[in-house]
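For the record, in the sequence shown the residue sitting at position 366 is 647 according to our numbering, with numbers rising by one throughout.
One structure below.
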Amino acid sequence: MFETLSTAPGDKILALMGEYAADPRSTKIDLGVGVYKDEKGVTAVMSAVRKAEQRILENEKTKTYLGIAGNKGFGAAVLDLALADSVDRSRVRIAQAPGGTGSLWVLMQLVNRARPGATVWVSDPTWPNHYPIAENSGLKVEKYPYFDTETRGVKFDAMLAALDKLGKDDVVLLHGCCHNPTGANLTPEQWDEVTQSLLRTGALPFIDLAYLGFGDGIEPDAYGTRKILSAVPEALVAFSGSKNFGLYRERIGAAIIVARDTNQADVTQSQLLNIIRGSYSQPPDHGAEIIRTILEDKDLRAEWEAELNEMRDRMIRLREKLSEAIRQKSNSEDFDFIASHRGMFSLLGLENSVVEHLKAENGIYMIGDSRINVAGIPEDRIGDLADALLAAIK
């Protein structure tokens with residue numbers, strides 16, 4: 282049977298990780314992989330997570346199933362964290378899923394059940410995995426304008442004009458905060474306008490909330506999600522705990538449904554659970570129980586928030602230092618956008634040939650579209666990085 286298969290395309294980010302690992306140069310810099318790294322270049326386990334795990338180890342009595350929807354305490358805690366009081370909870374349903382990717386997948390499957398072959402509109406550019414997740418769920422994918430390659434900001438007028446042309450059978454995939462790969466994000470005023478556009482057109486908002494707390498803080502980062510959910514009759518949210526809790530390999534996420542009323546919420550949830558049962562059946566609990574334990578305990582939550590704040594502040598500091606170093610060395614403001622971006626990533630707008638040159642000549646690794654992971658910048662090498670960037674674009 283398998284002789285009919287051909288080799289599938291490899292993952293470019295994983296391939297880049299392999300190249301970096303094989304590079305013998307001690308001066309190499311990894312700006313490619315999409316995980317948070319501390320000042321030592323390590324993706325460490327958060328202190329609050331370690332303490333929560335210790336409690337779980339001491340108190341857990343069974344490993345039996347929790348049900349298709351997963352850990353109910355986790356679900357309630359995530360809704361409190363992400364949605365607060367933005368929407369009547371009688372209209373909201375949640376199911377635990379394996380990571381943000383798993384959340385996206387089950388919700389895309391749900392969309393295809395409700396509107397077979399519907400079109401999902403994604404930002405240009407977007408996280409590359411959005412495409413296969415939607416397409417493998419039977420959906421079409423189209424792009425709306427987003428990133429201005431001249432200013433490295435949001436091309437908002439063009440974005441809004443495109444969204445205003447959509448209809449009630451369209452789905453609009455929005456990055457809730459910390460846009461991946463660009464780092465350019467909507468202002469609160471722009472979120473307000475997007476909300477009004479969705480109300481005008483009836484298009485379904487689908488929010489990918491993968492980096493809550495990594496931009497300007499939990500409350501500012503949740504503004505767009507909460508604004509939309511407070512206004513529209515229906516919405517979907519894919520939440521991830523990979524980044525803000527550092528639980529990458531635990532694969533912990535949540536699929537959230539907002540329906541018109543309680544009855545529709547129950548019906549839609551029944552379809553979501555049916556999709557889950559026919560795929561991975563039930564989610565793993567460890568990551569969910571860690572997050573539940575942290576968010577339900579006042580002291581652990583305070584410790585987690587302090588650690589999250591430290592991570593976010595460090596990324597902002599690295600942004601400011603890199604843009605300042607480039608400005609001083611070049612007497613130019615061309616890279617000031619790095620300081621205004623938020624989240625782990627910035628899209629530098631470099632040609633692929635420049636990206637390849639930086640890798641070959643300087644051991645500086647970034648994604649081919651010139652997305653950099655700001656958390657991967659060694660603070661004591663910012664001057665070297667600025668010099669290499671400026672030399673490469675001459």
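Just so it is clear, CB atoms sit at the ideal spot from N, CA and C, and this is done for glycine as well.
Under the three-state DSSP convention, the category residue i falls into
i	result
Ser611	helix
Arg374	strand
Asn654	strand
Gly534	strand
Trp402	strand
Ser367	coil
Phe495	coil
Ile648	coil
Val359	helix
Val539	strand
Val435	strand
Arg593	helix
His460	coil
Val548	helix
Pro501	helix
Gly354	helix
Tyr529	helix
Glu320	coil
The beta strand (DSSP E) enclosing residue i, as first and last residue numbers
i	result
Leu454	Asp451 to His456
Glu423	Lys421 to Pro426
Ala519	Ala516 to Ser521
Pro469	Careful: Pro469 lies outside any beta strand (DSSP E), inside the alpha helix (DSSP H) at Pro469 to Thr482.
Proximal residues to residue i (C-beta, below 7 angstroms), its chain only, five neighbours per side dropped
i	result
Glu416	Val422
Glu334	Ile571
Gly664	Ala606
Gln609	none
Gly448	Thr482, Gly483 and Ala484
Trp585	Met327, Ala329 and Ile575
Ile557	Ile349, Ala376 and Val387
Tyr504	Pro469 and Trp472
Beta-carbon proximity list for residue i, same chain, < 8 angstroms, skipping 5 on both sides
i	result
Ala325	Asp319 and Gly527
Ile658	Ile310, Leu312, Leu599, Leu603 and Leu666
Ala358	Ile572, Arg573, Leu576 and Glu577
Leu553	Arg374, Ala376, Val387, Leu388, Leu391, Ala536 and Ile538
Leu420	Met389, Val392, Asn393, Gly398, Ala399, Thr400, Val401 and Val452
C-alpha distance - residue i paired with residue j, whole-angstrom precision
i	j	result
Glu637	Ser404	26 angstroms
Glu474	Arg595	31 angstroms
Val323	Glu642	25 angstroms
Glu279	Ile653	No answer is possible for residue 279: it lies beyond the span of the chain, which begins at 282 and ends at 675.
Ile294	Val314	6 angstroms
Glu284	Thr308	44 angstroms
Glu601	Gly398	44 angstroms
Ala569	Ile533	6 angstroms
Asp438	Lys446	13 angstroms
Ala484	Gly434	24 angstroms
Ser521	Pro379	9 angstroms
Ile337	Gln550	29 angstroms
Tyr427	Pro305	38 angstroms
Ile499	Ser523	15 angstroms
Ile674	His567	47 angstroms
Asn466	Trp472	10 angstroms
Leu360	Lys640	42 angstroms
Gly383	His622	27 angstroms
Lys683	Glu339	The first residue shown for the chain is 282 and the last is 675, placing residue 683 beyond what the model contains.
Tyr529	Arg396	32 angstroms
Arg507	Pro469	11 angstroms
Proximal residues to residue i (C-beta, below 6 angstroms), its chain only, five neighbours per side dropped
i	result
Val373	Val539
Phe487	Val452, Leu454 and Leu517
Leu385	Ile414 and Ala519
Leu631	Ser651
Gly356	Ile375
Asp489	His456 and Ala519
Bounding residues of the alpha helix (DSSP H) (the contiguous stretch that carries residue i)
i	result
Leu671	Ile663 to Ala673
Ser627	Taken as a continuous stretch (DSSP letters only), Ser627 belongs to no alpha helix (DSSP H), being part of the beta strand (DSSP E) at Phe626 to Leu628.
Glu490	The question names Glu, but residue 490 in the sequence shown is Leu. Unbroken run through Leu490 is the beta strand (DSSP E), Leu485 to Leu490; no alpha helix (DSSP H).
Phe618	Phe618 to Ser621
Phe283	Phe283 -> no alpha helix (DSSP H), and no H or E assigned at all.
Glu637	Asn633 to Asn643
Val330	Ser328 to Asn340
Gln563	Here Gln563 belongs to no alpha helix (DSSP H), and DSSP marks it neither H nor E.
Trp386	Gly380 to Ala395
Gly299	Lys293 to Ala303
Lys508	Tyr504 to Ala512
Tyr346	No alpha helix (DSSP H) holds Tyr346; DSSP gives it neither H nor E.
Pro413	His411 to Glu416
Identity of the residues DSSP links to residue i by a beta bridge
i	result
Asp311	Tyr646
Closer than 7 angstroms: residue i CB and nearest the ligand ADP heavy atom
i	result
Ile375	Looking at this structure, you won't find the ligand ADP or any other ligand, since it has none at all.
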